[in-house]
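Protein chains in written order, with our numbering: chain P, 1 to 248; chain E, 1001 to 1305.
No residue lacks a Cβ here, since even glycine has one placed at the ideal position from N, Cα and C.
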């Protein structure tokens, strides 16, 4: 039923465009990812060009902020339906649960790709305009491609976890502190660091780096693959919860 | 047509819906009646595939709801008018629903006009009163022009004019040949709207009958009598001679159950009692419902009429 699947996707697209509190989040993510990088580059670029030996940290500085908005988008995309119980109305319109969920994943992934591409391009352009040398080096393409995929995977990951939990508040409470606060903080603690490097955001962000870190213990692309596995797991967990009963 | 066959739902071992079997036929308004907590909403959720039955099944024109292609074209449902995102406009809410089932955009404007929300189409739902949300819910149910409609407590929050509107709407929709199932705990409203009744209590089917048959069967018919000389009437009806079930109600008026008005008139004439009022009074649906549930305190299921 290709047409029915397309209808479910179109409905999700209209849902996004008709709810301001939903569509502002990816826009905000884009502005932060590109804008904060450019602003910080402008503030620091003129004085100290060698603040770090890895330019990618400067390029993706804004992503630290942008990804929070992007994660909120992934959470809200289905979480607000749980909270308002509108999921019941969605399920009467699209009773095949896998189809409804698949349409949401597709839209979330697509928005993640578009925002990821625009944000990554903006960050590179903004940084390179101020700091010379950002375009140098062979890891550039890998870092840029990973920057796009990282953002798409993040949206799908958050969407999956939220669906698995079946609750907006629980998803916010779990994802926002662990992914954006705990994970970067813990990666500085020597003992825990060995485990923390396998968390989705840590592993995924390693794919953005120009410079190898021998302490990580896996390659850059492997890092993105680890994040992709987390995302697949979250998406599957969401599907199972959706099939069981999303509304009780 | 909706067919419910042996439908059963248990939550944590407690039966909320207990082997329900009934049909909702096209061309009539079927009232789904029962006290709060009787299992009406759960039954509707089961029909729509929002919950999975423990046993039994519910079919729409012979197929489970979840297997319908473009279900909004087959069934229009209103469950909880509050289950909306307040940040969308009325038009925005209906637009995504239309997109999901490939319905033309013009239907959005048509149903908004039909429910009287054309002027509020561009307003955010969070500013809507409960009555306006109910109207929007009805608009959503009508969007796909479906032959089957299922509305859970649609008169909730409506003002008297709104209640009258929905009554007329439901009767018109049934007259067009659609199958209409409407639940309510408001008996008087149901008596005016529904041609047929499905009554449940504690998840079980208590009655499945035409509204008039239900009232005939479970309600009492009483004859109210007044006479010019109340003492003579009291002697006639209060005595044991005629084997009448009569009670004095107020100010010399009497009510007689289980007798024909012709017989009362004949008895009065024979005794020379001059009557100036003799009226047949029938129980309301509410009284009939109360009597039935009182008769079967344990909510024993009774054979369908």
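Neighbour flag for residue i against chain E, beta carbons, 9 Å
i	result
residue 26 (chain P)	no
residue 4 (chain P)	yes
residue 163 (chain P)	no
residue 106 (chain P)	no
residue 168 (chain P)	no
residue 10 (chain P)	yes
residue 19 (chain P)	yes
residue 22 (chain P)	yes
residue 231 (chain P)	no
residue 102 (chain P)	no
residue 7 (chain P)	yes
residue 80 (chain P)	yes
residue 248 (chain P)	Note on residue 248 (chain P): pLDDT 43, under 50, position unreliable in the model; the coordinate value appears next. It does: the Cβ of residue 248 (chain P) has a partner Cβ on chain E nearer than 9 Å.
residue 84 (chain P)	yes
Pairwise C-alpha distance: residue j and residue i
i	j	result
residue 204 (chain P)	residue 183 (chain P)	12 Å
residue 173 (chain P)	residue 179 (chain P)	11 Å
residue 108 (chain P)	residue 1043 (chain E)	34 Å
residue 1287 (chain E)	residue 1219 (chain E)	7 Å
residue 157 (chain P)	residue 68 (chain P)	13 Å
residue 246 (chain P)	residue 103 (chain P)	Residue placement at residue 246 (chain P) is flagged as unreliable, the pLDDT there being 45, under the threshold of 50; the coordinate-derived value follows with that caveat. Taking the straight line joining both Cα atoms gives about 16 Å.
residue 86 (chain P)	residue 217 (chain P)	45 Å
residue 164 (chain P)	residue 1011 (chain E)	21 Å
residue 1190 (chain E)	residue 23 (chain P)	44 Å
residue 1160 (chain E)	residue 1229 (chain E)	43 Å
residue 1257 (chain E)	residue 1222 (chain E)	5 Å
residue 110 (chain P)	residue 1202 (chain E)	48 Å
residue 1121 (chain E)	residue 1090 (chain E)	5 Å
residue 1049 (chain E)	residue 1065 (chain E)	6 Å
residue 1108 (chain E)	residue 239 (chain P)	31 Å
residue 150 (chain P)	residue 1076 (chain E)	41 Å
residue 226 (chain P)	residue 198 (chain P)	7 Å
residue 1175 (chain E)	residue 1057 (chain E)	28 Å
residue 1155 (chain E)	residue 118 (chain P)	49 Å
residue 1157 (chain E)	residue 146 (chain P)	53 Å
residue 1276 (chain E)	residue 1126 (chain E)	59 Å
residue 1015 (chain E)	residue 160 (chain P)	33 Å
C-beta neighbour in chain P for residue i, strict 9 Å
i	result
residue 1156 (chain E)	no
residue 1079 (chain E)	yes
residue 1029 (chain E)	no
residue 1004 (chain E)	no
residue 1071 (chain E)	yes
residue 1045 (chain E)	yes
residue 1082 (chain E)	yes
residue 1086 (chain E)	yes
residue 1303 (chain E)	In this prediction, residue 1303 (chain E) scores a pLDDT of 43, lower than 50, which makes its location untrustworthy; the coordinate-derived value is nonetheless stated afterwards. No, because no Cβ of chain P sits closer than 9 Å to the Cβ of residue 1303 (chain E).
residue 1188 (chain E)	no
residue 1183 (chain E)	no
residue 1089 (chain E)	yes
residue 1300 (chain E)	Because residue 1300 (chain E) sits at a pLDDT of 46, beneath the cut-off of 50, its placement in the model cannot be relied upon, and the following sentence gives the value as read from the coordinates. So no, residue 1300 (chain E) is outside the interface.
residue 1020 (chain E)	no
For residue i, the nearest candidate out of the options (CA to CA)
i	options	result
residue 1111 (chain E)	E:1223, E:1136, E:1172	E:1136
residue 1386 (chain E)	E:1201, E:1265, E:1188, E:1214	No answer is possible for residue 1386 (chain E): it lies beyond the span of chain E, which begins at 1001 and ends at 1305.
residue 38 (chain P)	P:201, P:229, P:57	P:57
residue 1009 (chain E)	E:1051, E:1179, E:1002, E:1035	E:1051
residue 201 (chain P)	P:36, P:177, P:124, P:100	P:177
residue 1368 (chain E)	E:1158, E:1192, E:1054, E:1196	In the structure as shown, chain E begins at 1001 and stops at 1305. Residue 1368 (chain E) is therefore absent and cannot be evaluated.
residue 959 (chain E)	E:1178, E:1021, E:1017, E:1113	Outside the modelled stretch of chain E, which goes from 1001 to 1305, sits residue 959 (chain E), for which no answer is possible.
residue 65 (chain P)	P:11, P:79, P:181	P:181
residue 1080 (chain E)	E:1249, E:1153, E:1169	E:1153
residue 130 (chain P)	P:6, P:233, P:241, P:35	P:35
residue 1046 (chain E)	E:1026, E:1070, E:1019, E:1035	E:1019
residue 1172 (chain E)	E:1104, E:1003, E:1002, E:1026	E:1026
residue 1285 (chain E)	E:1214, E:1274, E:1053, E:1278	E:1214
residue 97 (chain P)	P:153, P:8, P:125, P:20	P:8
residue 1069 (chain E)	E:1188, E:1169, E:1100	E:1100
residue 1129 (chain E)	E:1224, E:1001, E:1084	E:1084
7 Å Cβ cut-off: residues of chain B touching residue i
i	result
residue 14 (chain P)	Of the protein chains in the structure, P and E, none is chain B.
For the segment 1130-1164 of chain E, list every residue whose C-beta sits within 8 Å of some C-beta in chain P, in sequence order. Contacts with chain P (Cβ-Cβ distance below 8 Å) from the segment 1130-1164 of chain E involve 1140, listed in chain order.
Using a Cβ-Cβ cut-off of less than 9 Å, list which residues of the segment 86-97 of chain P approach chain E; keep chain order. Listed in sequence order: 86, 87, 88, 89, 90, 91, 92, 93, 94, 95, 96, 97.
Below 8 Å, can you find three or more Cβ-Cβ pairs linking the segment 1018-1038 of chain E to the segment 1178-1193 of chain E? Contact holds: three or more Cβ-Cβ distances are below 8 Å.
At least three beta-carbon pairs within less than 8 Å, the segment 67-87 of chain P to the segment 1057-1069 of chain E: With a cut-off of 8 Å, the segment 1057-1069 of chain E and the segment 67-87 of chain P do not count as touching, because too few Cβ pairs lie within range.
If we count Cβ pairs, one from each stretch, closer than 8 Å, do we get three or more for the segment 87-99 of chain P versus the segment 1089-1109 of chain E? Yes: at least three Cβ pairs fall under 8 Å.
Any chance the segment 1198-1218 of chain E sits against the segment 1259-1275 of chain E, with 3 or more Cβ pairs inside 8 Å? Segments in contact, no.
Taking a cut of 9 Å between CB atoms, which residues from the segment 1195-1206 of chain E lie near chain P? Answer in chain order: no residues at all.
Pull out every residue of the segment 1054-1067 of chain E whose Cβ sits closer than 7 Å to any Cβ of chain P, in chain order. Those residues of the segment 1054-1067 of chain E that come within reach of chain P (Cβ to Cβ, closer than 7 Å) are 1065, 1066.
Closer than 7 Å, Cβ to Cβ, to anything on chain E: give me those residues from the segment 49-76 of chain P, in chain order. Cβ contacts with chain E: none found.
Residues of the segment 1101-1128 of chain E with Cβ closer than 7 Å to any Cβ of chain P, in chain order: Flagged, chain order: 1101, 1102.
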